[in-house]
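S.K.: Residue numbers (the working numbering), protein chains in the order written: chain B, 1 to 249; chain P, 250 to 619. We put the beta carbon where it would ideally sit given N, CA and C, even for glycine.
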């Protein structure tokens, strides 16, 4: 029982198809509280689909996903319970362009969690400080650089006080010079003990932060190991090939 | 001076500053352009003076009867004499203060809503009043009774309403009612979880878009009373209004759907991941963006609606255009039909142009892109 409580996400026998295409093949996967997991793999390997299943942006056809004791199903109540605990950061930031930065951060706390306006704004400013852009609070997303927008997106998720943060290729849409400012924020978040699942190709980040690196290919988890072992001594042929290609670039 | 030299000097004229440069660059830059410019000027010379003479300089303003006019120029005496009919239709002459009061309240109310100097809170409240209270107040004043309670004497039945007032009643009533209905239809059509709702909306929209408005109005005026149980009192104005609303809502729905589809999928996903319920997501995130995107289309539909109300003449209602043209059937004023069309057209144009200008301002103001 004790071990069960420790696992915040439990995935058993997960299968998903897009029509005939088998995107996720029998995934078994646990995440402990405060664990940082980096998921990598070639494009089309199902890594984004996997983390999108965790907050039900995608539905699965077979298997069980349990988040913080709630089993995900079509039941809207279960979906809400899970989303309460899970924050998500997207590749394309997905800020709300018609609202200022501050309004982006306070919208969900006031309307979903029913916090007071003052409390929501205080919390928003706290997280804007944490991502180092409190001075942009009154601007609109369109006036910010990509790196700044992504940091706002991270702060927006944090304002909902999630237990788990999912990152879906958070730096892939950024210009090279902006990648580090976003990764720095993510490293700080990791150091503070957030449970994180990060789909990324930033291997430097994986080495520095991850407790565990997962390699996916063709909808399967091919290899799962600690970063040192994973990078220095990859077991599977496909992992070796993938790492070679990444290093060549 | 050789031809080459002349050519060179001529070409240099377009780099002069100010109006001279502009004229040589845009109007006289090549032989063909020179030809076009002078051709166009000649056509304008033929049209403009005669039109202005007919409309203004030679036109008749003084007097009271058709004796004071000739057919060689516009007879604005006719408009003056029939002004009340064109604006108020057959509303009793001695009670015109009632429509006037309604028009005044309308102007005051709308300025509170539309002028952005007022605070957003005030504008929102004024908007609520205009949406939910004003229609009843306006009806009570114009008709004289509300929900069977007599307020003003005499009762003026809606059959007697007419002119510009009727056009405004039909078009503003139509806009206010068809907009929310259209949004609901658009949302329903996008609905993925409830196929019944989706297909009802699709068929509703396709039905009303597929029939001409004239047919709808004719059915509403002539057929509906036959289908309703006997004794149901349902005046022609309400029936026409319902027809217009259902018809235009289908158009609004398709315009709004365009906006909904133009939003990136990421906006829906971000809202989902932040745990917004469907209606909160729709009202706070999706609609504000989608409606902003389709302001031109929405205003386009509203303007079309305003002009389409002139079709109610088919079912014997005396809207602005019908009243103006009807006035020329007055034995004293036979033959002044051009004046009637010009005047009614000018009023329609003024209303539509203001709406279009305001929407451009609104778009600029709501734009938050870089």
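Would DSSP call residue 337(P) helix, strand or coil?
M.R.: In the second chain, the residue the question calls residue 337(P) occupies position 88. In the structure shown, residue 337(P) sits in a helix (DSSP, three-state: H, G or I).
S.K.: Looking at the C-beta of residue 487(P), does it have a partner C-beta in chain B at a distance below 8 Å?
M.R.: Translated into positions along the second chain, residue 487(P) becomes position 238. No, no contact with chain B.
S.K.: What does residue 521(P) touch in chain B if you count any residue whose Cβ is under 7 Å from its own?
M.R.: Mapped onto the second chain, residue 521(P) falls at position 272. Per Cβ cutoff of 7 Å: 57.
S.K.: With a threshold of 8 Å between beta carbons, is residue 546(P) in contact with chain B?
M.R.: What you label residue 546(P) is simply residue 297 of the second chain in a count that begins at 1. With 8 Å as the cut-off, residue 546(P) does not count as an interface residue toward chain B.
S.K.: Return the first residue and the last residue of the alpha helix (DSSP H) that residue 601(P) is part of.
M.R.: Here residue 601(P) refers to the residue found at position 352 of the second chain. Note, residue 601(P): alpha helix (DSSP H), 586-615.
S.K.: According to the neighbour-count rule (16 or more other Cβ atoms, all chains shown, within 10 Å of its Cβ), is residue 567(P) buried or exposed?
M.R.: Position 318 of the second chain holds residue 567(P). By the neighbour-count rule (16 or more Cβ atoms within 10 Å), residue 567(P) is buried.
S.K.: Below 7 Å, is the gap between the Cβ of residue 539(P) and the nearest heavy atom of the ligand HEM?
M.R.: This structure does not include the ligand HEM; it has no bound ligands of any sort.
S.K.: Can you look up residue 256(P) in the DSSP assignment and give me helix, strand or coil?
M.R.: Looking up residue 256(P) in the second chain gives position 7. Residue 256(P) falls in the helix class under three-state DSSP.
S.K.: Let me know if residue 461(P) comes out buried or exposed under the rule of 16 or more other beta-carbons within 10 Å of its beta-carbon.
M.R.: Working through the second chain from its first residue, we reach residue 461(P) at position 212. It counts as exposed.
S.K.: Output, in chain order, the set of chain P residues within a Cβ distance shorter than 9 Å of residue 96(B).
M.R.: Here residue 96(B) corresponds to residue number 96 of the first chain, with the count starting at 1. Per Cβ cutoff of 9 Å: 516, 519, 520, 533, 534, 537 and 538.
S.K.: Identify whether residue 11(B) lies in helix, strand or coil by the three-state DSSP scheme.
M.R.: The residue labelled residue 11(B) in the question sits at position 11 within the first chain. Residue 11(B) falls in the strand class under three-state DSSP.
S.K.: Below 8 Å on the Cβ atoms is my guess for residue 14(B) versus residue 79(B); work out the distance and round it to an integer in Å.
M.R.: Here residue 14(B) refers to the residue found at position 14 of the first chain. Here residue 79(B) refers to the residue found at position 79 of the first chain. Going by Cβ atoms, the distance from residue 14(B) to residue 79(B) rounds to 16 Å, so no, they are not a contact pair.
S.K.: Is there a C-beta anywhere in chain B that falls below 8 Å from the one on residue 626(P)?
M.R.: There is simply no residue 626(P) to check, as chain P begins at 250 and stops at 619 in what is shown.
S.K.: Given residue 277(P), which residues of its chain have a CB within under 7 Å of its CB, disregarding the five upstream and five downstream residues?
M.R.: Here residue 277(P) refers to the residue found at position 28 when the second chain is read from its first residue. Hits under 7 Å: 283 and 286.
S.K.: By DSSP, does residue 477(P) sit in helix, in strand, or in coil?
M.R.: Locating residue 477(P) in the second chain gives position 228, where the first residue counts as 1. Residue 477(P) falls in the coil class under three-state DSSP.
S.K.: Looking at chain B, is there any beta carbon in it that lies within less than 8 Å of the beta carbon of residue 525(P)?
M.R.: Position 276 of the second chain, counting from 1, holds the residue named residue 525(P). It does: the Cβ of residue 525(P) has a partner Cβ on chain B nearer than 8 Å.
S.K.: Could you please give me the residues that DSSP links to residue 21(B) through a beta bridge?
M.R.: The residue you call residue 21(B) lines up with position 21 of the first chain. For residue 21(B), which the question treats as bridged, DSSP gives the partners 18(B).
S.K.: If we count the other Cβ atoms within 10 Å of its Cβ and call it buried at 16 or more, is residue 165(B) buried or exposed?
M.R.: Here residue 165(B) corresponds to residue number 165 of the first chain, with the count starting at 1. So residue 165(B) counts as buried.
S.K.: Taking three-plus beta-carbon pairs below 8 Å as touching, is the stretch 342-350 of chain P in contact with the stretch 401-412 of chain P?
M.R.: Verdict: yes, contact present.
S.K.: Beta carbon of residue 10(B), beta carbon of residue 199(B): below 8 Å?
M.R.: For the purposes of this step, residue 10(B) is identified with residue 10 of the first chain, where counting begins at 1. For the purposes of this step, residue 199(B) is identified with residue 199 of the first chain, where counting begins at 1. It is not a contact, given that the beta carbons lie outside the stated cut-off.
S.K.: Could you pull the start and end residues of the beta strand (DSSP E) that residue 349(P) belongs to?
M.R.: Along the second chain, one-based indexing puts residue 349(P) at 100. Premise fails: residue 349(P) lies in the alpha helix (DSSP H), 346-363, not in any beta strand (DSSP E).
S.K.: Would you verify that the beta carbon of residue 16(B) is, or is not, closer than 8 Å to some beta carbon of chain P?
M.R.: Counted from its first residue, the first chain places residue 16(B) at position 16. With 8 Å as the cut-off, residue 16(B) does not count as an interface residue toward chain P.
S.K.: Whose CA, out of 7(B), 105(B) and 44(B), lies closest to the CA of residue 259(B)?
M.R.: Residue 259(B) lies beyond the residue range present for chain B, which begins at 1 and ends at 249; the question has no answer from this structure.
S.K.: Which residues in chain B have a C-beta closer than 8 Å to the C-beta of residue 529(P)? List them in chain order.
M.R.: As a working mapping, residue 529(P) is identified with position 280 in the second chain. Near residue 529(P) (Cβ distances below 8 Å), the residues of chain B are 111 and 112.
S.K.: If I follow the unbroken beta strand (DSSP E) through residue 225(B), where does it start and stop?
M.R.: For the purposes of this step, residue 225(B) is taken as residue 225 along the first chain, with counting starting at 1. Counting along the chain, the beta strand (DSSP E) containing residue 225(B) begins and ends at 220-225.
S.K.: Say whether chain B places a C-beta atom closer than 8 Å to the C-beta of residue 447(P).
M.R.: Locating residue 447(P) in the second chain gives position 198, counting from the first residue. Not an interface residue.
S.K.: What would DSSP say about residue 178(B), mapped onto helix, strand or coil?
M.R.: As a working note, residue 178(B) is residue 178 in the first chain. Note: residue 178(B) maps to helix in three-state DSSP.
S.K.: What's the C-alpha gap between residue 520(P) and residue 103(B)?
M.R.: Mapped onto the second chain, residue 520(P) falls at position 271. Mapped onto the first chain, residue 103(B) falls at position 103. Straight-line Cα distance between these residues: approximately 14 Å.
S.K.: Alpha carbon to alpha carbon, how far is residue 390(P) from residue 425(P)?
M.R.: The residue given as residue 390(P) occupies position 141 in the second chain. The residue given as residue 425(P) occupies position 176 in the second chain. Rounded to whole angstroms, residue 390(P) to residue 425(P) spans 19 Å at the Cα level.
S.K.: Name the chain A residues whose beta carbon is nearer than 7 Å to that of residue 613(P)?
M.R.: Considering every chain present, this structure includes no chain A. Its protein chains are B and P.
S.K.: Considering only their Cβ atoms, is the gap separating residue 398(P) from residue 410(P) smaller than 8 Å?
M.R.: For this step, residue 410(P) is matched to residue 161 along the second chain. For this step, residue 398(P) is matched to residue 149 along the second chain. Going by C-beta atoms, residue 410(P) is not nearer than 8 Å to residue 398(P).
S.K.: What are the start and end residues of each continuous alpha helix (DSSP H) run of 4 or more residues lying completely inside the stretch 289-342 of chain P, in chain order?
M.R.: Qualifying alpha helix (DSSP H) stretches, in chain order: 325-337.
S.K.: In three-state terms, what does DSSP make of residue 39(B)?
M.R.: To locate residue 39(B), count along the first chain from 1; it is residue 39. Strand at residue 39(B).
S.K.: List the DSSP bridge partners of residue 394(P).
M.R.: Residue numbering aside, residue 394(P) sits at position 145 when the second chain is read from its first letter. The partner list for residue 394(P) (beta bridge, DSSP) reads 399(P).
S.K.: In this structure, does DSSP put residue 32(B) in helix, strand or coil?
M.R.: Looking up residue 32(B) in the first chain gives position 32. In the structure shown, residue 32(B) sits in a strand (DSSP, three-state: E or B).
S.K.: To test your reading of the DSSP string, which unbroken alpha helix (DSSP H) runs of 4 or more residues are found completely within the stretch 431-487 of chain P?
M.R.: Correct list: 444-459, 462-467 and 473-476.
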